[in-house]
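*Asks:* Submitted below is the structure of interest, expressed as structure tokens.
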Amino acid sequence: MDTEMEPKYDSKANEERIYEKWLHSGYFNPEKCEADGHTKKEAGVFSIVLPPPNVTGTLHIGHAAMLAVEDIMVRFARMKGSKTLWLPGTDHAAIATQSKVESIIYKKEGVNRHDLGREEFLKRVDAYAKESHDTITNQIRRMGASIDWSREAFTLDEKRNFAVKTAFKQMYDAGLIYRDFKVVNWDPKGQTVISDDEIVYEERKAKFYTFKYSADFPFAIATTRPETKLGDTAVAVNPNDDRFKQYIGKEFEVNFVGTKLNIKIIADENVDIEFGTGALGVTPAHSQIDWDMAQKNNLPLKQVINEYARIISDDPELTGKKTIEAREVIIDRLRTAGLLVKEEEITQNISTAERTGGIVEPLPKLQWFIDVNKEFSLVNSKINGVASGEPTTLKKLMRASVEGGQIKINPERFEKVYYHWIDNLRDWCISRQIWYGHRIPVWYPPEADSLQSGGQEPSADKFYVGVNPPEDKTWIQDPDTLDTWFSSGLWTFSTLGWPENSEDLKTYHPTTVLETGYDIIFFWVARMVLMSGFLLGEVPFKNVYLHGLVRDEKGRKMSKSLGNAIDPLELSDKYGADAVRLSLIIGAAPGNDVKLSEDRVRGYRNFSTKIWNAARFVMMNKVELAETPKLNTSQKQRIEEFSATKKEITEHLEKFELHLAGEKVYHYFWHTFADKVIEENKEYFKTGTTIEKQSAYYLLEKLLLDSLKLLHPFVPFVTEAVYEKFSPEKLLLVENWD
RNA sequence: GGGCGGCUAGCUCAGUUGGUUAGAGCGCUUCAUUUACACUGAAGAGGUCACAGGUUCGAAUCCUGUGCCGCCCACCA
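Residue numbers (this note's numbering): 13 to 750.
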């Protein structure tokens, strides 16, 4: 046998070669592992569905961290003999992808999506998505992900689309999906509605104006948005406020800077006596709370801002103006008329759209919603605390899934965050006015044009909801698409064949672990619990492992604009994917952010070299062993010491404490095996007897190969590269852990 | 306005249920060096574990309060 190993370990060449070797073996696929006897029946099932990266994106360091964590879990489970599935996929990421492609087309051809038309535009997006799909999947391979490519899914492929339509239909039939006209969050930049969770608050300085509508109005009101006051139909005061009691119920006709308003004085407990003037101008069309007050008090609605955040008015100087410009005009007029009482600077939270950064404009719109408080019952509930046939709600279901202990969130503190979100949850607006995504499976009769999303008024509820189009081909499908998180919510089971009751679904669902960043606990984690709870009556996963955000060495978020983004692929080329993986695992407790610097990665690259060189030394001294040689006392102790270390590492891995397991195995290999065990036995190879040489070699080879198993989940490439030198016919990938 | 997290060696962070002289990596100091590895080895310096109380035989770890730093949530118009 060859007892030489190349003096230098070339990570890049080896990593590419070894990934191919793994792929070729077919052992990323659980059925193949079972067929070849690597899976033990009694070890059970371990399944993870990959949080799908955006098809049109590229791999960033956060993805690399996610892949490292999941791959460690998966490799450990596979070596433990579990039937192990890691299922890959990509996300169509609706609005993100659409705007990306739009801007590319605009730059190249100077046309927008409306110029191209819906059909043509979608063709372009699909083409682009197909093209960039390979980029992201190749990058996933580069990190060493031992994922079952034969099951790859896409959130917008045919099977997933069928699942989405089925889910919509079932929820609609249960009365959980409804259509309503109300104030929603409109993103003027993205030209679509967004959900509450897609709002990002930004603190800004603003002017808080106190003024009277007109000289003949009895008191002043205060606002930061005077332009919306064109749409006021009431003033609300606290019923206990003596200053205003006398006015409650009265109506005033005022001339507000040239616009006639009918203002009714209403009482509402929620009005803060201390704040502003204690009187609140009610703008039903452009404020969520005001809308609610209007509903209670039967107030008329007056829309004064359009979809482009411009004023709608009879006043020629105001109409068509941007809201901020109109604000200035109005303030000027109030000041001139002597109606402006006070102007003060305050800081306020302004709502912006997460994806586009546009300032959110509350507008009344006809949209589709999921009712989170409506009662329904599950036919066959497997959720603790939710009985079959008993009334429950989506909110209750989401709470029970965690409260009943069927889902464990790690770190535990995020359970509180999760509950808090559920308790504050309002109905989820799921329709979007974008083209790229799952089209809403609802059709309207041809005469109902005005019913569609642009429509202002709810009309006759004549429409058809179904997985397949209606018989009557003249009916028109709703032009809107679904929130991307609607399809993502189905991900753990739509990827396993649902709505079909497939073998995969029976075997792998609920999945063992959902591993993702803590920043999408609401967007995604909670929505999966909701969907799985309602559609399957069970939890989507048993464990949630939330990794932190990867930051730069100064603790800043990595971003293109800051220029501090570290490219995991560049790093992998330079130092090896093994080193990148380790640097993202060690010291990264779940839920905690990781600070990454190139120095750190370099340190772990040195570790790969160490593994290679230690192995090289062992290989150099290879002797043939006819039988197991006798070991001396200290050698025996080394074996025991290894067993103890292995036990600790195994326990850490079983408890998902990857950062502790990683550190321990790193430390053991370098500072015990290499620094102590090898050094202690070196002398035997130089001056020892044949028997001593045999014992020393036996010990070193055993501890080396056993260590490689412990190391393999963390640094799969270099360990496999070494292992093949010692056991060319075997694959460490499917070696037995125990 | 609520809630959560952090504050441990010069820097980045571990420290699982409270238990002996508090750990790692990087950095620093000194030494070693033609035989696995300089992407190295050995030895070492460096910490009143944010602060103030309390519980305990014993606290970085549990409790209370304070101070910074960060994050999340919330319809003060």
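Beta carbons are placed, not taken as given, at the ideal position from N, Cα and C, and that holds for glycine.
(1) When you compare the stretch 438-446 with the stretch 377-386, are there three or more beta-carbon pairs, one atom per stretch, that lie closer than 8 Å?
(2) E366 and V212 - do their beta-carbons sit closer together than 7 Å?
(3) Which one of T331, K308, F553 and W303 has the shortest CA to CA distance from V316?
(4) Which partner residues does S389 have in the DSSP bridge list?
(5) Output the distance between the C-alpha atoms of K474 and Q203, rounded to the nearest integer angstrom.
(6) Look at the alpha carbon of F629 and the alpha carbon of E692, and state the distance between them as a whole number of angstroms.
(7) Quick check on the burial criterion: 16 or more other C-beta atoms within 10 angstroms. Buried or exposed for L637?
(8) Taking a contact to mean a Cβ-Cβ separation below 7 Å, would you say G501 touches R539 in this structure?
(9) From M570, G560, N150 and L594, pick the residue whose C-alpha is nearest to that of P602; which is it?
(10) In terms of residues, what are the limits of the alpha helix (DSSP H) holding I342?
(11) Going by beta carbon distance, what residues of the same chain come within less than 7 Å of V357, once the five residues before and after it are set aside?
(12) Measuring CB to CB, does P200 end up less than 7 Å from G56?
(13) What is the residue span of the alpha helix (DSSP H) that F697 lies within?
(14) Which of helix, strand or coil does DSSP assign to D208?
(15) Please state whether the Cβ-Cβ distance between R322 and K334 is less than 7 Å.
(16) According to the Cβ coordinates, are S158 and F40 closer than 7 Å?
(17) Ignore the nearest five residues each way along the sequence and tell me which others in N250's own chain have a CB closer than 6 Å to its CB.
(18) Would you say D383 and Y190 are within 7 Å of each other, going by their C-beta atoms?
(19) How is I442 classed by DSSP in three states: helix, strand or coil?
(20) Cβ atoms of A591 and F613: under 7 Å apart, would you say?
(21) To the nearest angstrom, how far is it from the Cα of L409 to the Cα of E652?
(22) What do you reckon, is the C-beta of I60 under 6 Å from a heavy atom of the ligand GTP?
(23) What is the residue span of the beta strand (DSSP E) that G293 lies within?
(24) I need the boundaries of the beta strand (DSSP E) containing H559, first residue and last residue.
(25) Tell me whether K120 is buried or exposed, calling it buried when 16 or more other Cβ atoms sit within 10 Å of its Cβ.
(26) Alpha carbon to alpha carbon, how far is G49 from M91? Give it in angstroms, no decimals.
(27) Which runs of the alpha helix (DSSP H) spanning at least 4 residues fall entirely within the stretch 581-641, listed in chain order?
(28) Tell me whether S500 sits in a helix, a strand or coil according to DSSP, three-state version.
(29) Does DSSP classify V525 as helix, strand or coil?
(30) Below 6 Å CB to CB, which residues in the same chain sit around D280 once its five sequence neighbours on both sides are set aside?
(31) Output yes or no for whether 7 Å exceeds the beta carbon distance between F668 and L558.
(32) Determine the extent of the alpha helix (DSSP H) in which S719 is found, giving its start and end residues.
(33) Please state if the CB of W455 and the CB of V61 are separated by a distance shorter than 7 Å.
(34) Leaving out five residues before and five after F388 in sequence, what residues of the same chain have Cβ atoms less than 6 Å from its Cβ?
(35) Compute the Euclidean distance between the alpha carbons of T235 and F229, then round it to the nearest angstrom.
(36) With a 10 Å radius around its C-beta and 16 neighbouring C-beta atoms as the bar for buried, classify K659 as buried or exposed.
*Replies:* Walking through what the data contain:
(1) yes
(2) As a working mapping, residue 212 is identified with position 200 in the first sequence. As a working mapping, residue 366 is identified with position 354 in the first sequence. Taking 7 Å as the Cβ cut-off, V212 and E366 qualify as a contacting pair.
(3) Within the first sequence, the letter at position 304 stands for residue 316. Among T331, K308, F553 and W303, the Cα nearest to that of V316 is on T331.
(4) Here the question's residue 389 lines up with position 377 in the first sequence. Answer is P403, bridged to S389.
(5) If you number the first sequence from 1, residue 474 lands on position 462. If you number the first sequence from 1, residue 203 lands on position 191. In this structure, the CA atom of K474 is about 26 Å from the CA atom of Q203.
(6) As a working note, residue 629 is residue 617 in the first sequence. As a working note, residue 692 is residue 680 in the first sequence. Going by the C-alpha atoms only, they are around 13 Å apart.
(7) For the purposes of this step, residue 637 is identified with residue 625 of the first sequence, where counting begins at 1. Classification for L637: exposed.
(8) Along the first sequence, read from residue 1 onward, the residue named residue 501 stands at position 489. Along the first sequence, read from residue 1 onward, the residue named residue 539 stands at position 527. It is a contact, given that the beta carbons lie within the stated cut-off.
(9) Here residue 602 corresponds to residue number 590 of the first sequence, with the count starting at 1. With distances taken between CA atoms, P602 lies nearest to G560 out of M570, G560, N150 and L594.
(10) One-based indexing of the first sequence puts residue 342 at position 330. Segment T335 to T348, the alpha helix (DSSP H) holding I342.
(11) Within the first sequence, the letter at position 345 stands for residue 357. According to the sequence as given, residue 357 is Glu; it is not Val. So the list reads K217 and K219, once near-sequence residues are dropped.
(12) Along the first sequence, read from residue 1 onward, the residue named residue 200 stands at position 188. Along the first sequence, read from residue 1 onward, the residue named residue 56 stands at position 44. Their beta carbons are not under 7 Å apart, which means P200 does not touch G56 by this criterion.
(13) Taking the first sequence and counting its residues from 1, the one referred to as residue 697 is at position 685. Start and end: E691 to T699.
(14) Reading the first sequence from its first residue, position 196 is the one you call residue 208. The answer is helix: DSSP assigns D208 an H, G or I state.
(15) In the first sequence, counting from the first residue as 1, residue 322 sits at position 310. In the first sequence, counting from the first residue as 1, residue 334 sits at position 322. Yes, these two residues count as a Cβ contact at 7 Å.
(16) Within the first sequence, numbered from 1, the residue matching residue 158 stands at position 146. Within the first sequence, numbered from 1, the residue matching residue 40 stands at position 28. Cβ distance < 7 Å, so S158 and F40 count as in contact.
(17) Walking along the first sequence from the start, residue 250 turns up at place 238. Taken in chain order, the residues that qualify are V283 and I285.
(18) Start at 1 with the first residue of the first sequence, and residue 383 comes out as number 371. Start at 1 with the first residue of the first sequence, and residue 190 comes out as number 178. Yes, these two residues count as a Cβ contact at 7 Å.
(19) By 1-based counting over the first sequence, the position of residue 442 is 430. It is coil, neither helix nor strand.
(20) Residue 613 sits at position 601 when you count from the first residue of the first sequence. Residue 591 sits at position 579 when you count from the first residue of the first sequence. For the record, residue 613 in the displayed sequence is Val; it is not Phe. Cβ distance < 7 Å, so V613 and A591 count as in contact.
(21) Position 397 of the first sequence, counting from 1, holds the residue named residue 409. Position 640 of the first sequence, counting from 1, holds the residue named residue 652. Each residue's alpha carbon lies about 49 Å from the other.
(22) With respect to the ligand GTP, the structure offers nothing, as it holds no ligand at all.
(23) In the first sequence, residue 293 corresponds to position 281, counting from 1. Annotation: the continuous beta strand (DSSP E) that includes G293 extends over A291 to V294.
(24) Residue mapping note: residue 559 aligns to position 547 of the first sequence, counting from 1. Start and end: F553 to H559.
(25) The sequence position of residue 120 within the first sequence is 108, counting from 1. K120 is exposed by the Cβ-count criterion.
(26) As a working note, residue 91 is residue 79 in the first sequence. As a working note, residue 49 is residue 37 in the first sequence. Answer to the nearest angstrom: the Cα atoms are 12 Å apart.
(27) 589-597 and 610-632
(28) By 1-based counting over the first sequence, the position of residue 500 is 488. Helix at S500.
(29) Position 513 of the first sequence, counting from 1, holds the residue named residue 525. Assignment of V525 by DSSP, reduced to helix, strand and coil, places it in the strand class.
(30) Residue mapping note: residue 280 aligns to position 268 of the first sequence, counting from 1. Once the five neighbours on either side are set aside, the close Cβ partners of D280 are A248 and M305.
(31) As a first step, residue 668 must be located in the first sequence, where it is residue number 656. As a first step, residue 558 must be located in the first sequence, where it is residue number 546. For F668 and L558, no; Cβs fall outside 7 Å.
(32) Taking the first sequence and counting its residues from 1, the one referred to as residue 719 is at position 707. Run containing S719: T702 to L723, per the alpha helix (DSSP H) assignment.
(33) Position 49 of the first sequence, counted from the start, is the residue given in the question as residue 61. Position 443 of the first sequence, counted from the start, is the residue given in the question as residue 455. No, these two residues do not count as a Cβ contact at 7 Å.
(34) As a first step, residue 388 is located in the first sequence; it is residue number 376 there, counting from the start. Closer than 6 Å at the Cβ level, and outside the excluded window around F388, lie A186.
(35) Within the first sequence, numbered from 1, the residue matching residue 235 stands at position 223. Within the first sequence, numbered from 1, the residue matching residue 229 stands at position 217. Their backbone Cα atoms lie some 16 Å apart in a straight line.
(36) Position 647 of the first sequence holds residue 659. By the neighbour-count rule (16 or more Cβ atoms within 10 Å), K659 is not buried but exposed.
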